[in-house]
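Protein chains: 2
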Amino acid sequence: MGDFAFDADTRVSPSGVGEFLATVTGRWGGITGVPNGGYLLAMCTRALGLRVSFPDPIVVSGFFLRPGTPGPATIRTSVVREGRTTAFGEAVLSQDGKDVIRAAAAFARLGGSGGSGGSGGSSDGPVLADGPGLADGPVLTDGAPPDLPPPSDCVGVPVGSFGPATIAERVEFRSREFPGWFLGRPTGRPSSEFWMRFADGRDTDLLGLLVLVDSTAPSVLELGASSATIQLTVHLRAHPAPGWLATCASTRFVSGGYHEEDFEVWDSAGTLVAQSRQLAIVQPL
Amino acid sequence: MGDFAFDADTRVSPSGVGEFLATVTGRWGGITGVPNGGYLLAMCTRALGLRVSFPDPIVVSGFFLRPGTPGPATIRTSVVREGRTTAFGEAVLSQDGKDVIRAAAAFARLGGSGGSGGSGGSSDGPVLADGPGLADGPVLTDGAPPDLPPPSDCVGVPVGSFGPATIAERVEFRSREFPGWFLGRPTGRPSSEFWMRFADGRDTDLLGLLVLVDSTAPSVLELGASSATIQLTVHLRAHPAPGWLATCASTRFVSGGYHEEDFEVWDSAGTLVAQSRQLAIVQPL
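Line order of the protein sequences matches chains F and Z.
Residues in the first sequence are numbered consecutively from 21, following the working numbering.
Residues in the second sequence are numbered consecutively from 21, following the working numbering.
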């Protein structure tokens, strides 16, 4: 594990009851140089995962209170409920005594890509909020991975084009064509489709998805603006199969200085593995 | 205010430092009779709103740990950051000493429907996580209210058709035709479009939107299943104009015993006022 950047850089060490020490590295910086929010959220979720009795985060929410900085961090966790099939926990990552991100997550047992999955447990009637998922119940896929040429036929914005965005060295992107903002001609359409994967060959898992859904350049760059996340919610729907992930990012509503950004991730087996949505403040470039 | 059910039933009274007493009523029960999650989320947000210095919730997240029950409740709140333009807080609603819902929210100053809005403050360069929204920045509306006939030409499922769902007496719905599940012929398409408003004539505000986005029958009824919310995130994008709200609900992915449900709310001026998404467990009917 430790050979890969993501594993090394999200490492957490127990330092007290429910408390962990971690080091925010400078290797996941966004276009402003500030450590990526999804990266910090993954760190919180990794710490929480050590405390609950279910292996898989299924929904994670993070509120971003302040920019993080490379350096030491403390993560305080609390398990707020352990149910029969679902556990709930909260984590606060702080630096220099100030909260940077406050996260909450639910954990369960998630199916693999392509499988019928299921959250385990028997189904003996309606049980609210802690009932077993109906693993043998209805299945619906109203959507498909973006129709992209193979990654080898796609282009990637050169690392270094993003200013101080060190995350561009950690995550590879391949798209049909170069984005408008990169060519100096924002398209006015804040949506995009692309392949992505960790640059060092690490396969993506559920924790990895948390950073990937937040690691692209903000869609509103195509409107000539930048953005800062206020809140990010990620649904994790299946363990991803190895290989490139096909993803789409889109912003449909920009108003009053705010915008949402939606993100879908499909794995190499064609399974939807994550959906995320964030609310962000529109900022000048 | 107190004349309307929603205001009376979300009333909170300070009972200590950051603590409030409330009464969960039986008037907002869902199809299983359990108090609606959005109703409890509105209660938490109302309490939090009394503690922060910004008037408007802009994003609210709730994790549902246990079903609530009609009766007394305690809401513990904490303000976790007051920034220049954004405040962050958390609230926990508990009953009989057990946490029912754990909520978090960001507050700011939101524009009205149709206006350019803005979160106030001057824009003097990129400020992360607590920067002013670019009220004069880009605006984008990539979507439109559902194309519904006037409410007077639509039909409403009769109150009482939802078993113990008392919420059906609080919220009025009007759709083009009766839903398949109501006619005993689930359509297999878990999406729908309809008008909604409070039945007692109360205009909807930001707090009201929190219950409305969660008050419809679950979309998966059209797949012959029911559901229980694990987590709900609501983006509040503008103060709604008075009158009927045009809404659409949709579930695109059901797998492994889970599904998401998305919800959009448009006001009578044609402005998107809320977007929500929940992750829920699929349950037997």
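We treat Cβ as the ideally placed atom computed from N, Cα and C, and that holds for glycine.
Quick caveat, the model's predicted, so the values are computed rather than measured.
Only buried fits residue 265 of chain Z, as 16 or more other CB atoms lie within 10 angstroms of its CB. Contacts between residue 200 of chain Z and chain F, judged by CB atoms closer than 9 Å, are missing: the closest CB pair is about 14 Å apart.
One Cα belongs to residue 245 of chain Z, the other to residue 157 of chain F, and the distance between them is close to 8 Å. Taking C-alpha positions only, residue 223 of chain Z is separated from residue 92 of chain F by approximately 49 Å. For the 7 Å CB-CB criterion, residue 26 of chain Z and residue 228 of chain Z form a contact. At a cut-off of 3 residues, the continuous stretches assigned as beta strand (DSSP E) that sit fully inside the region 201-244 of chain F are 211-218. In terms of beta-carbon proximity, residue 95 of chain Z stays away from the interface with chain F, with every pair separated by 7 Å or more.
Where residue 52 of chain F is concerned, there is no enclosing alpha helix (DSSP H), because DSSP gives it neither an H nor an E. The shortest C-alpha to C-alpha distance from residue 179 of chain F to any of F/219, F/37 and F/212 is the one to F/219. Of the other Cβ atoms in all chains shown, 16 or more fall within 10 Å of the Cβ of residue 50 of chain F; this residue is therefore buried. Interface annotation for the region 237-254 of chain F against chain Z: 240, 243, 244, 245, 246, 248, 249, 250, 251 and 253, criterion Cβ-Cβ distance under 8 Å. Under the 7 Å criterion on CB atoms, residue 119 of chain F is classed as interfacial with respect to chain Z. Between residue 103 of chain F and the set F/37, F/120, F/128 and F/226, the nearest pair of CA atoms involves F/128. Assigned with DSSP and collapsed to three states, residue 77 of chain F falls in strand.
Taking one beta carbon from each stretch, the region 230-247 of chain Z and the region 268-284 of chain F have fewer than 3 pairs nearer than 8 Å; the two do not touch.
Closer than 7 Å at the C-beta level to chain Z, one finds these residues of the region 290-304 of chain F: 292, 295, 297, 299, 301, 302, 303 and 304.
A distance below 7 Å between beta-carbons, with the five flanking residues on each side excluded, links residue 62 of chain Z to the following residues of its chain, in chain order: 30, 227, 230 and 231. For residue 72 of chain F, same chain residues with a beta-carbon under 7 Å away, outside a window of 5 residues either side, are 99, 102, 107, 109 and 127 in chain order. Scanning Z/32, Z/207 and Z/254 for the CA closest to the CA of residue 69 of chain Z turns up Z/32. Using a Cβ-Cβ cut-off of 8 Å, residue 78 of chain Z is close to 250, 278 and 299 of chain F, given in chain order. Among the residues facing chain Z, residue 44 of chain F is not included, as its CB has no counterpart in that chain under 7 Å away. Put simply, the CB of residue 222 of chain Z is far from chain F, with every gap to its CB atoms at 7 Å or more.
In the same chain as residue 60 of chain F, and ignoring 5 residues on each side of it, the C-beta atoms closer than 6 Å to its own belong to 88, 113 and 121, in chain order. Within chain F, 160 and 162 have C-beta atoms less than 9 Å from the C-beta of residue 271 of chain Z, given in sequence order. Shortest Cα-Cα distance from residue 214 of chain Z to any of Z/199, Z/131, Z/195 and Z/202 involves Z/195. Taking residue 259 of chain Z as the centre and dropping the five residues before and after it, the same chain places the C-beta of 76, 130, 131, 132, 133, 225, 226 and 293 closer than 8 Å to its C-beta, in chain order. In this chain, the alpha helix (DSSP H) harbouring residue 64 of chain Z covers 57-69. One alpha carbon belongs to residue 96 of chain Z, the other to residue 43 of chain Z, and they sit about 14 Å apart.
Counting every other CB atom within 10 Å of its CB across the protein chains shown gives residue 35 of chain F a total below 16, marking it as exposed. For residue 124 of chain F, the enclosing beta strand (DSSP E) starts and ends at 118-128.
Spanning the alpha carbons of residue 174 of chain Z and residue 199 of chain Z requires a straight line of approximately 12 Å. Counting only Cβ-Cβ distances below 8 Å, residue 108 of chain Z has contacts in chain F at 83, 85 and 122, in chain order.
Beyond the five residues adjoining it in sequence on each side, residue 185 of chain F comes within less than 7 Å, by CB distance, of 49, 50 and 51 in the same chain, given in chain order.
Judged by their CB atoms, residue 302 of chain F and residue 247 of chain F are nearer to each other than the 7 Å cut-off.
Minimum Cα-Cα distance from residue 243 of chain F among the listed residues F/289, F/261 and F/205 corresponds to F/205. Neighbours of residue 130 of chain F in chain Z, taken as residues whose beta carbon is under 9 Å from its own, are 276 and 278 in chain order.
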